[in-house]
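Working notes for the structure below.
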Amino acid sequence: MKPTLKEPVPGFDGPQAPLEAMFLDEFLQSKGFSSIKDLYKLPEDEAKKLLMEACRYASLKLAEIESRARFKKEIHIPD
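Counting from 121, one number per residue, gives the positions in the sequence shown under the numbering used here.
Here is the structure:
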């Protein structure tokens, strides 16, 4: 199942929250988990490690989108 944009998630604030949640799900699914709830079945250390990796992945993906938008704006707006 491919991650999709969702309704806002409690605890996630801001306009990018649904997109961030989608990237977290995407990362976890790439590691074989169907949802974040599956992490409860893991030992705490392993779950924390995966969550940190997922957060890093989501952060990088959001930064990539922001950079592309900024670059596109710079290209299309003359000085």
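All residues carry an ideal CB built from backbone N, CA and C; glycine is no exception.
Subject >> Three-state class that DSSP yields for residue 162 in the structure shown >> reply: Start at 1 with the first residue of the sequence shown, and residue 162 comes out as number 42. Looking at residue 162 - three-state DSSP - the assignment turns out to be coil, as it is neither helix nor strand.
*asked:* Using the three-state DSSP reduction, which class does residue 149 fall into: helix, strand or coil?
replied: In the sequence shown, counting from the first residue as 1, residue 149 sits at position 29. When DSSP states are grouped into helix, strand and coil, residue 149 belongs to the helix group.
- Measure the Cβ-Cβ separation of residue 171 and residue 159 and say whether it is below 8 Å. Translated into positions along the sequence shown, residue 171 becomes position 51. Translated into positions along the sequence shown, residue 159 becomes position 39. The answer is yes: Cβ separation under 8 Å.
Query raised in the report: How close, in whole Å, do the beta carbons of residue 147 and residue 174 come, if the pair is a contact with beta carbons under 8 Å?
Result: Here the question's residue 147 lines up with position 27 in the sequence shown. Here the question's residue 174 lines up with position 54 in the sequence shown. With a Cβ gap of about 4 Å, residue 147 and residue 174 count as contacting.
- Quick one, which of 194, 179, 164, 192 has its alpha-carbon nearest residue 137's? On the sequence shown, position 17 is the one that residue 137 refers to. Of the listed residues, the one whose Cα sits closest to residue 137 is 179.
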